[in-house]
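Trainee:
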Amino acid sequence: MKNPCFSPFLCKRRKRTEDTIHRSVKMGSNNLPTTVDKEQIFGMAEKEMEYRVESFNKLTQTCFNKCVDRRYKDPELNIGENSCIDRCVSKYWQATNLIGQMLGNGRSPM
0 MKNPCFSPFL
10 CKRRKRTEDT
20 IHRSVKMGSN
30 NLPTTVDKEQ
40 IFGMAEKEME
50 YRVESFNKLT
60 QTCFNKCVDR
70 RYKDPELNIG
80 ENSCIDRCVS
90 KYWQATNLIG
100 QMLGNGRSPM
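Its first residue numbered 0, the sequence shown is counted upward by one per residue in numbering that gives the first Met the number 0.
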């Protein structure tokens, strides 16, 4: 079972990547990808992981800066901070999905 995509843009991107891999992988006599092909596949997977980590870090930093009080009075998040973070994460993913859809359709976001 494949991992679910977090946005339509990522799903389309993954599908294009998989299609490219399937078209470009040259099979050896034993039906296994060559070393060069494996390196390309791992390179593409590494780029995908870097993108996901960068996206997560941006989300975390943005919502933390917006929602968490700078004076750490309590060791845990209070109700207001929790609510703010929930809304922030939701809006962040909605915006990311919207932009991904627009870019996937070839339209400019604005």
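C-beta atoms are modelled at their ideal positions from N, C-alpha and C, and glycine is treated no differently. Just so you know, these numbers come straight off a predicted model, no measurement behind them.
Apply the 10 Å Cβ neighbour rule to G42 and answer buried if 16 or more other Cβ atoms are within range, or exposed otherwise.
Mentor: As a working note, residue 42 is residue 43 in the sequence shown. Burial call: exposed.
Trainee: Classify R69 as helix, strand or coil using the three-state DSSP reduction.
Mentor: Translated into the one-based positions of the sequence shown, residue 69 becomes position 70. The three-state reading of DSSP puts R69 in coil, since its state is none of H, G, I, E or B.
Trainee: Using 10 angstroms around the beta-carbon of G99, count the other beta-carbons present and answer buried if the total reaches 16, otherwise exposed.
Mentor: Position 100 of the sequence shown, counting from 1, holds the residue named residue 99. Result: buried.
Trainee: Over what stretch of residues does the alpha helix (DSSP H) that includes L97 continue unbroken?
Mentor: Walking along the sequence shown from the start, residue 97 turns up at place 98. Annotation: the continuous alpha helix (DSSP H) that includes L97 extends over I78 to G103.
Trainee: Any idea what DSSP makes of E75, helix, strand or coil?
Mentor: For the purposes of this step, residue 75 is taken as residue 76 along the sequence shown, with counting starting at 1. If DSSP states are grouped into helix, strand and coil, E75 belongs with coil.
Trainee: Hey, is the stretch 45-53 in contact with the stretch 63-82, meaning 3+ C-beta pairs nearer than 8 angstroms?
Mentor: Note that the stretch 45-53 does not touch the stretch 63-82; fewer than 3 beta-carbon pairs, one per stretch, sit closer than 8 angstroms.
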